[in-house]
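Undergrad: Have a look at this one before I ask anything.
In structure tokens form, the structure reads like this:
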């Protein structure tokens, strides 16, 4: 009786690699993090007192776990209610200071959690002109 020495391993290896590639390609967005895309006021800018700090991210956010903290020229937190999502865009987080901002240097610190549960954070400065 003659046995075939043909191996199916090369075919199964190619098939496995193909399936793995499909899985990785289909889960790409699941590995994404919410990265800051735009900010108003923008980093390093000098502006008149803004009515709100608006941060736009690359992914939708989990509002319960996302915050913006604004520190004033005196190094103290600026009074403001908790940052809230923009009702029209789940990628935007808005902080509205309780009063107009006095002239000086401000620091924005943010921590956000995207809907895929990844946490990112960052910060930037801007200046309110006299």
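Residue numbers (mature numbering (1 follows the signal peptide of the UniProt record, and there is no 0)): -32 to -1, 1 to 98.
Built from N, CA and C at the ideal position, the CB exists for glycine as well.
Hey, how far is the Cα of residue 50 from the Cα of residue 35?
TA: Taking the first residue of the chain shown as 1, we reach residue 50 at position 82. Taking the first residue of the chain shown as 1, we reach residue 35 at position 67. Roughly 7 angstroms separates the two Cα atoms.
Undergrad: DSSP on residue 67, reduced to helix/strand/coil?
TA: Counting from one through the chain shown, the residue named residue 67 turns up at place 99. DSSP places residue 67 in coil when its eight states are reduced to three.
Undergrad: Is it a yes or a no for the segment 78 to 86 touching the segment 41 to 50, going by three-plus beta-carbon pairs under 8 angstroms?
TA: The answer is no - the segment 41 to 50 does not touch the segment 78 to 86, with fewer than three Cβ pairs under 8 angstroms.
Undergrad: The beta strand (DSSP E) that contains residue 38, what's its start and end?
TA: The residue you call residue 38 lines up with position 70 of the chain shown. 35 to 39 is the span of the beta strand (DSSP E), which, as asked, contains residue 38.
Undergrad: Measuring alpha carbon to alpha carbon, tell me which of 23, 68, 30 and 52 ends up nearest residue 16.
TA: Taking the chain shown and counting its residues from 1, one reaches residue 16 at position 48. Per the Cα distances, 68.
Undergrad: Taking the straight line between their C-alpha atoms, what separation do you get for residue -1 and residue 53?
TA: What you label residue -1 is simply residue 32 of the chain shown in a count that begins at 1. What you label residue 53 is simply residue 85 of the chain shown in a count that begins at 1. C-alpha separation (whole angstroms): 19 angstroms.
Undergrad: Let me make sure I understand the geometry here. Which of 29, 60, 70 and 72 has the alpha-carbon closest to that of residue 86?
TA: If you number the chain shown from 1, residue 86 lands on position 118. Here the closest residue by C-alpha is 29.
Undergrad: Taking DSSP as the reference, what is the three-state secondary structure of residue 85?
TA: Taking the chain shown and counting its residues from 1, one reaches residue 85 at position 117. Three-state result, residue 85: coil.
Undergrad: Return the CA-CA distance between residue 88 and residue 98, expressed in angstroms with no decimal places.
TA: Residue 88 sits at position 120 when you count from the first residue of the chain shown. Residue 98 sits at position 130 when you count from the first residue of the chain shown. Rounded to the nearest angstrom, the two C-alpha atoms are 33 angstroms apart.
Undergrad: Note down the Cα distance separating residue 66 from residue 37, rounded to an integer number of angstroms.
TA: Mapped onto the chain shown, residue 66 falls at position 98. Mapped onto the chain shown, residue 37 falls at position 69. When rounded, the distance between both Cα atoms is 13 angstroms.
Undergrad: Where residue 22 and residue 91 are concerned, what is the direct C-alpha to C-alpha distance, given to the nearest angstrom?
TA: Position 54 of the chain shown holds residue 22. Position 123 of the chain shown holds residue 91. Each residue's alpha carbon lies about 13 angstroms from the other.
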